[in-house]
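Comments concern the structure below.
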Amino acid sequence: MDKTYQPQAIEQSWYQTWEERGYFKPQGGDNAYSIMIPPPNVTGNLHMGHGFNNAVMDAMIRYHRMRGDDTLWQMGTDHAGIATQMVVERQLAAEGVSRHDLGREKFLEKVWQWKEQSGGNITRQLRRLGSSLDWSRERFTMDDGLSDAVKEAFVRLYDDGLIYRGKRLVNWDPKLHTAISDVEVENHDEKGFMWHLRYPLADGATTAEGKGYLVVATTRPETMLGDTAVAVHPEDERYASLIGKEIELPLVGRRIPIVADDYVEREFGTGCVKITPAHDFNDYEVGKRHGMALINVLDESAAILAAAQVFNMDGSSNDQVDTTLPTAYAGMDRYVARKQIVADLEAAGLLEKIDDHALKVPRGDRSGVVIEPWLTDQWYVSTKPLAEPAIKAVEDGDIQFVPKQYENMYFSWMRDIQDWCISRQLWWGHRIPAWYDETGKVYVGRDEAEVRSKHQLAESVVLKQDNDVLDTWFSSGLWTFSTLGWPEQTEFLKKFHPTDLLVTGFDIIFFWVARMIMMTMHLVKDEHDKAQVPFKTVYVHGLVRDSQGQKMSKSKGNVLDPLDIIDGIDLDTLVQKRTTGLMRPKDAAKIEKQTRKEFPDGIESFGTDALRMTFCSLASTGRDIKFDMGRVEGYRNFCNKMWNATRYVLMNTEGEDCDQDNSGNFELSLADRWITSRLQQAEQAVTEALDSYRLDLATQAFYEFFWNEYCDWYLELSKPILWDENASDAQKKGTRRTLIRVLEATLRLAHPLIPFITEEIWQRIKPLTGATGETIMLAAYPAADNDKVDPSASADIEWLKGVIVGIRTIRGEMNIAPGKHIPLFMQHGSDNDQRLLDNNRQYLQKLANLESIEWLATDAEAPASATALVGKLEILVPMAGLIDVDAERARLNKEIDRLAKDHERTAGKLQNPKFVDKAPAEVVAKEQQKLEDIDASLATLREQLETLAKL
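In structure tokens form, the structure reads like this:
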């Protein structure tokens, strides 16, 4: 083996070998186990969230593959309607062409060309993570099979009365000219204003104070053109006499009523709220309660209409309300109109005041523009009938959430579910399978031929297909079964559905998880016509945040690319990557400074295994995941430790009899029996952790066994036997056998977490163990054997470890060089301590570097010594001749003086109110921890001085 571990030298070549040899495909067998990858956007690039959930999924699929299950990890990508259309439109714009210039058909050809040439970036990146996906079955949400499944689902839901078309309020993107989902809306904290406007009371009415107007406060003055009422709280005595009366809407002249509604907060502002049902979701609900009209004053680009569009709550046209709008605002952008409306109100004496106001501004995650609640015709899924069985499936335990508390989040949303807007005004996506005749009558079918046949329409009847496409989440909602061939009853669908595990973030429980459950249970039935669930377990993880707990975002400059951690990146390239695309030069300068401070030498290469082990160690049941580069470095060091340990094992086993052929004739030492026993316990702990989706505990159990027990102790305990000329061949064979077999089992134990290094080492040591098979991927996962658990061996080794640690502690405290041979006395021990000493002299002398060991009688006078205890047994290291007492005392006093000054400085800082009150909490906490560490160090040094005083 090479002297140093170089992950780049092995990772990509091993992945290519695995994929080429078909190891990722189902291998056959009765017990099926399947996971569907949450399909990443075809436009996407790998981010830390992908890195985390792929590490979890791959660990689980490799674990079950090694357990002999017939595993399928289904690969696929999402067509990402808005994102993909934007990418291609930007490319066309650079050429001076728009999609409208090309027309729908030619534009879609361009999108497919882009997808073939550039849409596979994320799939290459997933390979680099080591994800053992079945690439031979890779799907795309716009491929022919999935498109057929989408049409089938739409038609069935429509025929079952669960899909309808209606005019409702939606999140509207005025730049992209499409409805978008809540998940595509980002709420930004921004500074704005609150305008207080005077609305004149009609018919000479006055308030309790004698004023002829009501003051309403609004953050969006331009929408006042569509006001249909002013609302007050029903118990607000100030306005009780005005309920039912009218105001005259400024600038418009339309009379609107004053209504009473609990929605109004009496204590906020003046207690009067303008109600604009066509331009605010909360106002829409108020409007429904009071049977108000919907007055739309904006067009699709959020510019003011020349005449308002008025509808009833059921979406039908309303010709009873005056549609007249001031002509001065016609065609104005909403923000231009805002300024003019405020100016006109001020000129009319109707502007009371303007206050600064902090706002939550909804912006489109793709376009960046402010989203408008807008009234438009859309297609909807009626979700309440679908939600009932989906709720019951979780209540009955057919689907389980891990952690369980996320069930409450699921229930909360599902029990108050709203109908789902599934149409989008885009060209890229699944076009809605609905056709209209010249009268506007709608017909739904899988294709036009089916529509004509089903409704007996003559060829002379002109049909036009709906221009809208389906929400991307609609096709994603069919993901677990459409990828397996549904609606055909394929063998893969029968075997691998329902799937076993879904790994996803808590932020899309509503948008994806719940919808998959609803859609699957309505559309997919088993052989007994019972509704199927899409998956049995939902593993919910939190957001991957930076080490300070901040959300990773480009604007904050704290984004990390998993591939940069795996392969490394130089500082200048990292700076360029983090600052490219930022709108403001001062933001770019700030982020450059921050990056150069955080990564002065760029990011070195850590390899995939170190990153994966970091992710797995963070996979607890907490909501958020704080990612720390220090952990990656620690796990890279762990991989180095594994590599170096293997080199030691090979040096002592290659070319030797390690009982490869199971011939026997070996003798196991106490250390051999102990490490074999501990292996069984580690195997049980890791298996139990994986079975309960606690990858953090699995990582911890494996780490502690391999580093703390196998490397730090067992490898050292093997040396006195392997290097002792007096040890028998049977003893040496037993130790060689144990060295190699425990290592081999440990590699299989760790393979799901760190696949590359385990495969590389396994291939090298396999001949020495007698193991067979082409790859560790298909080797059996280790199972604990209780017959090999040896409590007595464990107890004896713990005694031995206690003695050695006690001696090493004395060496450290008394500043005795580790290589110096020292005498050792033992006193006040039991008969068992005496037995353990007699049985382990060889280990003690070698590992503790002792020149002699002497057992003192209980009443014997011990020499002046530094002491440690193992139970009641005293470990005595005589100081005479080992240290210069005066020099050691001087050294300790000097160190105590230095720490005392640090203590005074730090304590003074923490006693200063200016520091404690103004410094960030994490800085104060750091200083408090520093003070505690100083106190602990001072206590230890003073104890050492007391020991010296006795010499």
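In the UniProt record's numbering, the protein residues as written are 1 to 951.
Here a beta-carbon is modelled for each residue, glycine too, at the ideal position from N, C-alpha and C.
Short Cβ contact (7 Å threshold) for residue i with residue j
i    : j    : result
M75  : T480 : no
K25  : S132 : no
I603 : I569 : yes
T947 : A866 : yes
A330 : A306 : yes
M292 : T228 : yes
V252 : L225 : yes
L717 : V649 : no
K360 : N187 : yes
I810 : A880 : no
H279 : P362 : no
V540 : F506 : yes
D468 : I432 : yes
Three-way DSSP call (helix, strand, coil) for residue i in this model
i    : result
S865 : strand
K626 : strand
C616 : helix
K525 : strand
W723 : coil
V544 : strand
M409 : helix
C421 : strand
Q842 : helix
N31  : coil
E246 : strand
M332 : coil
D356 : strand
Y164 : strand
Alpha-carbon spacing of residue i relative to residue j, whole angstroms
i    : j    : result
V150 : R165 : 17 Å
S852 : Q845 : 7 Å
I122 : K110 : 20 Å
V321 : T43  : 46 Å
Q465 : M414 : 33 Å
R334 : Y199 : 21 Å
N282 : H290 : 13 Å
Q882 : P823 : Here residue 882 is Leu; the residue named in the question, Gln, does not match the sequence. Their Cα atoms are separated by approximately 10 Å.
D790 : G51  : 40 Å
I163 : L478 : 16 Å
T608 : N45  : 17 Å
G210 : A231 : 19 Å
L457 : S316 : 27 Å
A337 : P250 : 15 Å
T537 : T614 : 23 Å
S617 : K175 : 43 Å
M516 : E388 : 14 Å
I875 : E598 : 47 Å
A260 : P234 : 5 Å
T772 : A779 : 8 Å
K404 : D344 : 56 Å
E932 : F915 : 18 Å
G812 : T4   : 30 Å
M409 : W512 : 14 Å
M826 : D628 : 45 Å
Beta-bridge pairing of residue i - partner residues as DSSP gives them
i           : result
W435        : Y443 and Q465
V230        : I258 and K274
P362        : N187
S852        : P823
E760        : According to DSSP, which records beta bridges pairwise, E760 is partnered with nothing at all.
G145        : DSSP output for G145 lists no bridge partner at all.
P373        : N171
residue 974 : Only positions 1 to 951 of the chain appear in this structure, which leaves residue 974 out of reach.
A307        : T324
K551        : R545
H196        : A217 and K353
P600        : G602
Chain D contact for residue i (CB, 7 Å cutoff)
i    : result
M142 : Going by chain labels, chain D is absent from the structure shown, which holds only one protein chain.
Only counting runs of 4 or more residues, tell me where the alpha helix (DSSP H) segments fall wholly within the segment 784-833, in order along the chain.
791-813
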